[in-house]
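14 is the number of the first residue of the sequence shown in the numbering used here; add one for each residue after it. Encoded as structure tokens, the structure appears first; notes follow it.
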Amino acid sequence: MQEDRLEGRSLSLCIRDIIDGKVAEENVSRIVTSARAPDKASFEELIADYAESYWDANPEEGKAVARRFYEAGKIDQPRLRGEPYSNISDGCWKVIEYAATAETPVLENWGRGGIHDTSFIPASDIAGKMKADLLSAIENGVPNPKTMRPLKFKGPR
Numbered sequence: 014m015q016e017d018r019l020e021g022r023s024l025s026l027c028i029r030d031i032i033d034g035k036v037a038e039e040n041v042s043r044i045v046t047s048a049r050a051p052d053k054a055s056f057e058e059l060i061a062d063y064a065e066s067y068w069d070a071n072p073e074e075g076k077a078v079a080r081r082f083y084e085a086g087k088i089d090q091p092r093l094r095g096e097p098y099s100n101i102s103d104g105c106w107k108v109i110e111y112a113a114t115a116e117t118p119v120l121e122n123w124g125r126g127g128i129h130d131t132s133f134i135p136a137s138d139i140a141g142k143m144k145a146d147l148l149s150a151i152e153n154g155v156p157n158p159k160t161m162r163p164l165k166f167k168g169p170r
């Protein structure tokens with residue numbers, strides 16, 4: 014059975030997750046970044062900066078992972094094409110599911126009609142997101158399915 018794949022939405026944060034062991038490098042199909050590095054020299058400057066801040070726990074490994082992705086053509090920079098780039102407000106990883114009966118990914122449209130595949134998010138991360146969504150729903154009100162008017166939580170906080 015094929016494993017899920019991930020698409021990263023932030024070069025700095027996704028590489029940090031990889032070097033911290035939160036995400037396996039082989040599960041990442043690509044990283045879409047808002048950074049602009051039109052050539053190898055610019056990319057080297059960018060990752061040198063990231064190594065001093067985001068990857069300061071293991072800067073050389075961070076640069077090595079970033080270079081592997083760059084050399085493999087797995088870093089997408091939509092801003093270089095004048096296209097919108099990914100938003101990390103929903104997290105820095107996007108998952109694509111695989112069909113239950115085949116080993117072919119079920120692709121989904123994302124962004125401006127582009128088709129992107131992504132990778133694996135640990136169950137604990139999904140549970141954490143669900144908890145955050147539930148708390149947000151309680152805080153902001155959940156629509157009553159019959160009336161579609163918001164229900165507000167009236168209990169202690």
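We put the beta carbon where it would ideally sit given N, CA and C, even for glycine. As the structure is a computational prediction, the values presented were derived from the model and not from experiment.
- Around the beta carbon of E20, 16 or more other beta carbons sit within 10 angstroms, so the residue counts as buried.
- In this structure, the beta-carbon distance from K53 to A64 does not fall below 8 Å.
- The bridge partners DSSP lists for W106 are G21.
- In this structure, V78 sits away from I44, with a CB-CB distance that is not shorter than 8 Å.
- For the alpha helix (DSSP H) assignment, the uninterrupted runs of no fewer than 4 residues enclosed by the stretch 27-80 are, from N- to C-terminal side, 53-66.
- Within 10 angstroms of the beta-carbon of A70 lie fewer than 16 other beta-carbons, which makes it exposed.
- In this structure, the beta-carbon distance from R22 to N40 does not fall below 8 Å.
- For P91, the closest alpha carbon among the candidates P72, I28 and A48 is that of A48.
- Ranking G104, W68, R80 and W106 by CA distance to the CA of A50 puts R80 first.
- Cβ neighbours of D89 within its own chain (closer than 8 Å, five residues either side excluded): R43, I44, V45 and T46.
- A Cβ-Cβ contact shorter than 8 Å links R29 with W68.
- Straight-line spacing of the CA atoms in Y83 and S102 works out to 24 Å.
- Distance between K35 and W106, taken at the CA atoms: about 11 Å.
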